[in-house]
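Q: For the sequence shown, the positions run 14 to 122 when the working numbering is used.
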Amino acid sequence: MIKNLNQLKKAMKGNPRFQIIAHCRKECIGEIRQVTQTNTTGFYSSVTGNPEDRTCTANHGLGLILWWNRAPFWSFQDGVCSAYDSDTTHTEDHLIMAFRILDEQEAAA
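Quick look at the structure:
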């Protein structure tokens with residue numbers, strides 16, 4: 014289970030799949046995304062199984078990016094990683110995205 018930003022960065026290097034639990038754009042909730050690239054500034058991801066989806070075509074095929082930012086902008090609880098636009102206020106109004114990394118069995122389904 015991921016407990017901090019450093020552990021998340023290491024996990025994302027393996028290009029896992031993750032499920033969006035909450036998002037600032039309600040239509041994204043429930044999406045299963047595949048990490049396509051991770052670097053020092055953030056990670057790119059796209060929706061799996063639909064190559065025409067906007068998440069697959071963005072950024073020259075890398076997908077959408079979520080910037081790492083600093084640790085205070087993140088929270089980690091019960092396997093859910095949440096990114097906020099505030100380093101002090103972690104409420105739904107400031108949520109960018111909350112997701113959980115899928116284990117191998119869930120990712121294969």
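By construction, the Cβ of each residue, glycine as well, lies at the ideal position given by its N, Cα and C atoms.
When you compare the CB positions of THR70 and ARG46, do they come within less than 8 Å of one another, or not?
A: Reading the sequence shown from its first residue, position 57 is the one you call residue 70. Reading the sequence shown from its first residue, position 33 is the one you call residue 46. Result no, Cβ atoms of THR70 and ARG46 do not sit closer than 8 Å.
Q: Per DSSP, what kind of secondary structure is GLY55 in: helix, strand or coil?
A: Start at 1 with the first residue of the sequence shown, and residue 55 comes out as number 42. Note: GLY55 maps to strand in three-state DSSP.
Q: So, using beta-carbon positions, are TYR97 and LEU77 closer together than 8 Å?
A: Looking up residue 97 in the sequence shown gives position 84. Looking up residue 77 in the sequence shown gives position 64. Going by beta carbons, TYR97 and LEU77 fall outside the 8 Å limit.
Q: For THR61, which residues of its own chain have a beta-carbon under 8 Å away from its beta-carbon, when the five flanking residues on both sides are left out?
A: Locating residue 61 in the sequence shown gives position 48, counting from the first residue. Taken in chain order, the residues that qualify are ARG30, ILE45, ARG46 and GLN47.
Q: My understanding is that PHE112 touches GLN32, with C-beta atoms under 8 Å, so please give their C-beta distance in whole angstroms.
A: Residue mapping note: residue 112 aligns to position 99 of the sequence shown, counting from 1. Residue mapping note: residue 32 aligns to position 19 of the sequence shown, counting from 1. A Cβ-Cβ distance of about 6 Å is found for the pair PHE112 and GLN32, placing them in contact under the 8 Å criterion.
Q: Starting from ARG38 and walking both ways along the alpha helix (DSSP H), at which residues does that stretch end?
A: Taking the first residue of the sequence shown as position 1, residue 38 is located at position 25. First-last for ARG38: undefined, no H or E at that position.
Q: Is MET14 buried or exposed, if buried means 16 or more other CB atoms sit within 10 Å of its CB?
A: Sequence index remark: in the sequence shown, residue 14 carries index 1 (1-based). It counts as exposed.
Q: Identify whether LEU79 lies in helix, strand or coil by the three-state DSSP scheme.
A: Translated into the one-based positions of the sequence shown, residue 79 becomes position 66. Strand.
Q: Could you pull out every residue in the same chain whose Cβ sits closer than 6 Å to the Cβ of GLN50, ignoring the five residues on either side in sequence?
A: Here the question's residue 50 lines up with position 37 in the sequence shown. Closer than 6 Å at the Cβ level, and outside the excluded window around GLN50, lie TYR57 and LEU75.
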